[in-house]
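Report on the following structure.
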Amino acid sequence: MQEARELANDPCTDYHAEPLEDDIFEWHCTIRGPSGTEFEGGLYHFRILLPAEYPFRPPSLMMLTPNGRFELNTKICISFTSYHEEEWQPAWGVRTAILGLQGFFPLKGSAANGVGSVEYPVSERKRLALISREWVCPKCQQTNLECLPDPLQHATTTLNEPMGLRGLSRAPDQLEPPVSRPPPTPLPPAPERSPVPETTISDPDQAAISTLVTESRSSIVGEQDRTPSGTEAIRGSQLPVYHRPPLLLDTAICLLLVLVVALLCRRVL
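Residues 1 to 269, numbered by UniProt numbering, are exactly what the sequence shown covers, in order.
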């Protein structure tokens, strides 16, 4: 079957599944307990029974390894098994059933209720997880650890080790000798630049134009110095001119005042 070949080449280290040699409709699978739960570190073996109409009908799952979460040798009731054929989709497969069962392990309370479910204490589940690694399937004649070995620690350590520290973990005789590098070659001195000669106007027409411009500027500046500023001219035009009255007019005014005073004195007396 194509699905069996795909699972055989699957690099995932969380499960291993293959059909029996004498019955392609019965598969045996070993899964790893979900990390961060009381099942962490445990290995659990179960059967996958495919109907003749597979993949148009869902498979049945039966747990074989004691685990404290599911009953043994009993069909488990979850959404993608034969208990709920109306929810099954032909696009799903054995991998879907494996991942779904692994996701149902940590459920608790009412979400964990169903046919084939049991509720063991956490301490008992941890104990069963420890001994599940050496559990032997009577059909496969292998322990769970042989069916699903632990990931290589060396590969994990190498991936997590910083790049700068990998060379330090080698033996002294395996360390690469330092590579001697030749000293850098000094750069030749930069050539001295000759001073740039000042440009002179050799064209007689340009010299004449320059002279005229200079003379025009000098004449304009001289005229501006001789011409009073606009503000001073305005001030001079706005100053009033006072003329002194003649002497005869002053004398006549004095006489009139004397006459007026005399007339007033006469009337009073």
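Think of the CB as a built atom: it goes at the ideal place given N, C-alpha and C, for glycine as much as any other residue.
8 Å CB neighbourhood of residue i in its chain, flanking five on each side removed
i, result
"Lys139", "Leu20, His28"
"Glu85", "Arg57, Pro58"
"Arg5", "none"
"Ile78", "Leu61, His84, Gly100, Leu101, Phe104, Gly114"
"Ala8", "Glu18"
"Thr74", "Met62, Met63, Val115, Gly116"
"Leu145", "Leu43, Arg133, Glu134"
Counted within 10 angstroms of its Cβ, other Cβ atoms place residue i as buried (16 or more) or exposed
i, result
"Val94", "buried"
"Thr65", "buried"
"Ser132", "buried"
"Glu38", "buried"
"Leu128", "buried"
"Gly33", "buried"
"Gly109", "exposed"
"Phe25", "exposed"
"Arg266", "exposed"
Among the options, nearest to residue i - alpha-carbon criterion
i, options, result
"Pro149", "Val268, Leu43, Gly36", "Leu43"
"Tyr83", "Val118, Phe105, Phe39, Met62", "Met62"
"Glu134", "His45, Asp14, Pro34, Ala112", "His45"
"Cys147", "Tyr15, Cys254, Ala111, Pro90", "Tyr15"
"Gln89", "Pro55, Leu257, Leu130, Gly33", "Pro55"
"Ile41", "Ser60, Asn67, Phe25", "Contrary to the premise, residue 41 reads as Gly rather than Ile in this sequence. Answer by Cα proximity: Asn67."
"Thr13", "Glu3, Ile48, Arg125, Ser35", "Ser35"
"Gly116", "Ser123, Phe105, Val122", "Phe105"
"Ile98", "Leu256, Leu247, Thr30, Leu264", "Thr30"
"Ala91", "Leu130, Glu3, Leu247, Leu248", "Glu3"
Cα-Cα separation between residue i and residue j, rounded to whole angstroms
i, j, result
"Pro11", "Pro151", "11 Å"
"Gly100", "Phe80", "8 Å"
"Leu50", "Asp23", "10 Å"
"Glu18", "Arg47", "10 Å"
"Tyr120", "Leu72", "13 Å"
"Arg69", "Met1", "31 Å"
"Cys137", "Glu124", "21 Å"
"Cys254", "Ala262", "12 Å"
"Asp250", "Val258", "13 Å"
"Gln174", "Gln142", "Reliability of the predicted coordinates at Gln174 is poor, the pLDDT of 47 falling under 50, and the value obtained from them is presented with this limitation in mind. Near 40 Å, if we compare the C-alpha coordinates of Gln142 and Gln174."
"Glu87", "Thr96", "13 Å"
"Lys126", "Glu53", "38 Å"
"Leu107", "Leu130", "20 Å"
"Leu248", "Val260", "19 Å"
"Leu256", "Leu264", "12 Å"
6 Å Cβ shell around residue i - same chain, five flanking residues per side excluded
i, result
"Ile76", "Leu61, Phe70, Gly116"
"Arg170", "Residue confidence for Arg170 is low, a pLDDT of 45 falling below 50, so the modelled location carries little weight; the figure read from the coordinates is stated next. No residues qualify anywhere along the chain."
"Pro162", "At Pro162, the pLDDT of 48 sits below 50, so the modelled position is not reliable; the number obtained from the coordinates is stated separately. Correct list: empty, nothing qualifies."
"Val122", "Glu38"
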